[in-house]
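Chains as they are written, first to last, in the working numbering: chain A, 14 to 291; chain B, 353 to 698; chain C, 1356 to 1681. Backbone N, C-alpha and C define an ideal beta-carbon position, used for all residues, glycine too. A quick write-up on the structure given underneath.
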Amino acid sequence: MSRTLRLVWQDRRARVGLALVVLFALLAAFASVVASHDPTAQLDLVGKQYQPPSLAHPFGTDFYSRDLLSRVLHGARISLSIAVLSVAVSIVLGTAVGLAAGLAGGLVDQVLMRGVDGALAMPRLFLVLVVVALWEDIGVVGLVLILGLTSWFDTSRIVRAEVLSVKSRQFIAAARAVGLGLRGIVGRHLLPNIAGPIIVMATLGIGQMILLEAGLSYLGVGVRPPTPSWGQIIADGQQVLRTAPWVALFPGLAIVVTVLAFSLLGDGVRRALDPRSQ
Amino acid sequence: MNGQPLLAVDRLSKTFRSGGGLFGRARTIRAVHEVSFAIARGESLGLVGESGSGKTTLGRLILRLLTANSGTVHFDGTDVLTADRRTLRALRRRMQIVFQDSAGSLNPRMTIGSAVREPMTVHRLARRSELDTRVRTLFGEVGLDPILVDRYPHELSGGQRQRVGIARALSVEPKFVVLDEPVSALDVSVQAQVLNLLADLRERRSLTYLFIAHDLAVVRHLADRVAVMYFGKLVEIAPTPRLFAAPTHPYTTTLLAAIPVPDPRRARQRSMAGEPVGRSAGPDPAPAEPQPGSQPADACPFYPRCPHPAKDERCRREVPLLREIGVGRLVACHYADPSAPDRPPA
Amino acid sequence: MKPLLEVRDLRTTFAGNPATRAVDGVNFTLDVGETLAIVGESGCGKTVTALSILGLIDEPGRIEPESVVEFGGVNLLTLEARELRRIRGAEIAMVFQEPATSLNPVLTVETQITETLRAHRTISRTAARARATDLLELVRIPQAAERLGAYPHELSGGMQQRVMIAIALSCEPKVLIADEPTTALDVTVQAQILELLAELQGRLGMAMLLISHDLGVVAGLADRIAVMYGGQIIEQASAAAIFERPMHPYTEALLKAVPRLDRPVTRLSAIAGSVPNAATWPDGCRFHPRCPHAWDRCRTSHPELTPTAAGDVRCWLTDEPHRRVR
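The following block contains the structure:
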């Protein structure tokens, strides 16, 4: 493990990714300290509506004269935690199901994968919307669960395919011949060899989750106002894109940079895990 | 020495289903069909056959890396196929395998040192502090520089990787090793090194080998007896010198005649003398499955390609069984010449 | 008489970190109707040599500009892509190692044979079909007319390789390059294919460049043999001379390392060490780290391919025969 970390650190792009991810995480965690204003405080509804970026308000203000920098910082808290946690739920579930299907084969595999096919056939946004509509007062935990529980299907398919191909490789037979049990084979031989695609799925997932949360918030079923999330802020700004572009611009940039940071980091981790890439 | 063979295989069979799935109709392929043989302690039995003959499957069945459909395998008196989990684990210490594809049989994410260490940790054969020394000793024994312990498989040459495979198999100090085409992926110059190493190790550790290969010339160097397999069945078993001097099954004859000789004069002579270099061997078989409808199920599997002058209706109606035609010689052919085996080896 | 094909100072490199000099100054000629075998172990550059002749080297590979492949009075390496295509498959045809992957799985045998024909000749559909049938008969595929409609997976490995040979022969090439044509096949099938190649060559009078790692395969077919090691030819002589009086220590060792059925079982004499890597050829003679005879000169100075009475050899022993270790 230390070797992997060392290699990640030696990779310049991964280091940039890691630094950005850590920075964003710290900013989100200490948003209340860093932010100059209360993100929900309406400073001056008459005088400070839609102020362009200035020294006092680097990201400008919105319709309710709220400081946008503070809102983006506090929004990071919600957006990042929803994204990271729901991706974690989705990856763990998807990997578990994919492993089970790929390793067990036969009926177990058939049943699991037909189930996944069925789930994949349903439009995801529709699925989420139905649940959200039925579940009033959903909250962050609820959102994480819903996003996570509806997004592991393709991960499980990919993991299953990878398991099938790695399972047939000879070093798995060699490990069995040596007397290794299932746990050792999965942990030492199978998982490390399918880590690459899983990491790629996870990094792509982070971006998707942030955007999905944004979409839900935009539709008014995600995070409830006035709690800020990046999606919320963009939804607000979208209506005034011509007159006050900064409202949507800054949270949008935050999303872009976050997604980029995670994919830089994910790519670095993937490379570090593969001894052939050095 | 003990009179009981170390390994006894009796009427072992394995069929594979291909295709199928939820709605499709599966086809069954007989990969190994009622194969019986035994290997004495310290003996090296060569198992030869072409692709699709079932020789690799047979090796895996013996180690229970694949599940047999029927038949038994006894190792040192223990029934391998019905052994419970604990017995099987103990058996895996004593029966090992070296694979053909040294690149594929090593985990690409694991250093070769850990690959050799792993079996010893699984079987708790050494204390943590001793493990490194043990790994280094094994490296030395198979002719690998101990400096390489922290390298990854892709950083080694094919020959070095095969040595790692051998060291891993030996790490648990087995009695019996299945060598599954251990040199066929290697360059000629390196192949000789590995063959010599295997011969030395066998002597030093008094190992018993099942040496699976498609190359008869290679087998001749390492086997005391040779078993020839064709379409899932054993067609001939004989002591090595006698098999090469006087093959009795028409398939063995064809196989021997087909091996190119690295000598231009002999090669030309052979084709001029009209020796059955191949054409008389008939159409080559489709890999792994008999040509559909080409022959009835109870025909001799070699019937369509058989060049034997005496072949007749009986070969189409009756599967020849393995029968003894000389000391230690078994052949599955109705018309194998019984006088041949008594000829002294040339 | 001018040779049919002449390769001069062929150098093919692959960019990378580090760059590899896969083929590093190869010279040979091929006469009409002759069979030259190029023999060597993995990574010696034999396949890259074959591919370079037809200009089949893709990025990051590059054939160095000073290389010459002269065929019919022109340097193939300076030809426009379109002109080169006219030669590939028609004048110089190639058979590859893996028939299973060389054939397109979704096209019938007929389509694949007539495709080559129609690419190079103006020929009607019916005539192409008739020619395809003839070709399948030529390579001894039974019931040729019926097999035309078959897909590759319906054929065995040997039959697939026969189809590949039929495709290669479709335009009556002057040169057939066969790159390990039997390596993927079983011995009994290999024997049939080798016999077929020998027969076809005699019948059609074409020259053949046979690439192989297997000295046994080469023995029955080749008139001359070039042994490659480290991206270069290290010995070149008639087949008989190579097998009876090998001059280069590598050739000698290689012959001794092959297990043979026509010799008594003895311990094999292995060649120490492993095949070198094209990124880091050893200094001096490229075989010196594995050579039992090597002395200082071999470590520092690179020998040239030197003509002798029996053939060409790249070894300092030709200068100082007393250095040979007995």
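Using DSSP bridges, identify the partner residues of residue i.
i: I1418 of chain C; result: C:T1367
i: S1593 of chain C; result: C:R1579
i: L1559 of chain C; result: In DSSP, L1559 of chain C forms no bridge with anything.
i: H426 of chain B; result: B:A360, B:D431
i: A1374 of chain C; result: DSSP lists no partner for A1374 of chain C.
i: G1513 of chain C; result: Looking at the DSSP assignment, G1513 of chain C forms no beta bridge with any residue, so it has no partner.
i: V1450 of chain C; result: C:A1533
i: M447 of chain B; result: B:F528
i: T1384 of chain C; result: C:E1361
i: K366 of chain B; result: B:V384
i: P1662 of chain C; result: C:D1667
i: G678 of chain B; result: B:R681
i: V199 of chain A; result: Answer is none; V199 of chain A lacks a bridge partner.
i: N1430 of chain C; result: C:E1425
Under three-state DSSP, which class holds residue i?
i: P1460 of chain C; result: coil
i: T604 of chain B; result: helix
i: P66 of chain A; result: coil
i: V552 of chain B; result: Inspection of the sequence shows that residue 552 of chain B is occupied by Asp rather than by Val. Helix at D552 of chain B.
i: F654 of chain B; result: coil
i: G401 of chain B; result: coil
i: D532 of chain B; result: strand
i: S1656 of chain C; result: coil
i: A420 of chain B; result: coil
i: P637 of chain B; result: For P637 of chain B, the predicted structure reports a pLDDT of 49, less than 50, and the residue's modelled location is therefore unreliable. A value from the coordinates is still provided. Coil, per DSSP.
i: S1567 of chain C; result: strand
i: L1503 of chain C; result: coil
i: R437 of chain B; result: helix
i: T74 of chain A; result: strand
i: F1642 of chain C; result: coil
i: E1389 of chain C; result: coil
i: D1667 of chain C; result: strand
i: E1554 of chain C; result: helix
i: R1484 of chain C; result: helix
i: A688 of chain B; result: coil
Flag residue i as yes if its beta-carbon sits less than 7 Å from any beta-carbon of chain F, otherwise no.
i: E1554 of chain C; result: Annotation note: the requested chain F is absent from the structure, which comprises protein chains A, B and C.
> So does the segment 469-482 of chain B actually touch the segment 507-515 of chain B, counting three or more Cβ pairs closer than 8 Å?
Replying inline: no
>> Please list, in chain order, the residues of the segment 437-464 of chain B that have any C-beta partner in chain A closer than 7 Å.
In response: R441, R444, R445, Q448, I449, F451, D453, G456, S457, L458, N459, P460, R461
> Given a limit of 9 Å on CB to CB distance, which residues of the segment 1411-1435 of chain C reach chain B?
Replying inline: none
>> Does the segment 1632-1650 of chain C come into contact with the segment 555-565 of chain B, if we say contact requires no fewer than three beta-carbon pairs (one atom in each stretch) closer than 8 Å?
In response: no
> Taking Cβ-Cβ distances below 7 Å as the criterion, which residues of the segment 1611-1622 of chain C are in contact with chain B?
Replying inline: A1612, V1613, P1614, R1615, L1616, D1617, V1620, R1622
> Which full runs of the alpha helix (DSSP H) of 4+ residues lie inside the segment 1588-1638 of chain C, going along the chain?
Replying inline: 1594-1599, 1604-1612
> Going along the segment 465-479 of chain B in order, which residues come within less than 7 Å of chain A, judged by CB to CB distance?
Replying inline: E470, P471, V474, H475
> Three or more C-beta pairs closer than 8 Å, one from the segment 83-103 of chain A and one from the segment 112-122 of chain A: is that the case here?
Replying inline: no
>> Tell me whether the segment 1509-1520 of chain C and the segment 1550-1564 of chain C touch, counting them as touching only if at least three CB pairs, one residue from each stretch, are closer than 8 Å.
In response: yes
> When the Cβ atoms of the segment 442-450 of chain B are set against those of the segment 523-533 of chain B, are three or more pairs found closer than 8 Å?
Replying inline: yes
>> I want to know whether the segment 1661-1670 of chain C touches the segment 1583-1590 of chain C - three or more CB-CB distances under 8 Å.
In response: yes
>> Tell me whether the segment 1388-1396 of chain C and the segment 1563-1578 of chain C touch, counting them as touching only if at least three CB pairs, one residue from each stretch, are closer than 8 Å.
In response: yes
> What alpha helix (DSSP H) runs, 4 residues minimum, are completely inside the segment 202-249 of chain A?
Replying inline: 204-231
>> Quick check: the segment 497-504 of chain B against the segment 456-467 of chain B, are at least 3 beta-carbon pairs closer than 8 Å?
In response: yes
> When the Cβ atoms of the segment 1439-1457 of chain C are set against those of the segment 1487-1501 of chain C, are three or more pairs found closer than 8 Å?
Replying inline: no
>> Short of 7 Å Cβ to Cβ, which residues in the segment 166-192 of chain A face chain B?
In response: R182, Q183, F184, A186, A187, R189, A190, V191, G192
> Residue ranges of each beta strand (DSSP E) run of no fewer than 3 residues wholly in the segment 23-65 of chain A, ordered along the chain?
Replying inline: none
>> For the segment 1420-1433 of chain C against the segment 1360-1371 of chain C, do three or more pairs of beta-carbon atoms, one drawn from each stretch, fall closer than 8 Å, so that the two count as touching?
In response: yes
> At a Cβ cut of 9 Å, what residues of the segment 197-210 of chain A count as close to chain B, listed as they run along the chain?
Replying inline: G197, R201, H202, P205, N206, A208
> Of all the alpha helix (DSSP H) runs that stay within the bounds of the segment 85-171 of chain A, which reach a length of 4 or more residues?
Replying inline: 119-134, 137-147, 152-162
> Using 8 Å as the Cβ pair cut-off and three pairs as the minimum, do the segment 428-446 of chain B and the segment 403-412 of chain B touch?
Replying inline: no
> Which ranges would you report for the alpha helix (DSSP H) in the segment 557-619 of chain B if only whole runs of at least 4 residues count?
Replying inline: 568-574, 592-597, 602-610
> Between the segment 1588-1604 of chain C and chain B, which residues of the former have CB atoms less than 8 Å from a CB of the latter, in chain order?
Replying inline: A1594, A1595, F1598
> Does the segment 1604-1612 of chain C touch the segment 1620-1631 of chain C, meaning 3 or more C-beta pairs lie closer than 8 Å?
Replying inline: yes
> Just by C-beta distance, which residues in the segment 1440-1473 of chain C are closer than 9 Å to chain B?
Replying inline: none
> Is the segment 1501-1515 of chain C close to the segment 1538-1547 of chain C, with three or more CB pairs under 8 Å?
Replying inline: yes
> Using 8 Å as the Cβ pair cut-off and three pairs as the minimum, do the segment 273-280 of chain A and the segment 25-36 of chain A touch?
Replying inline: yes
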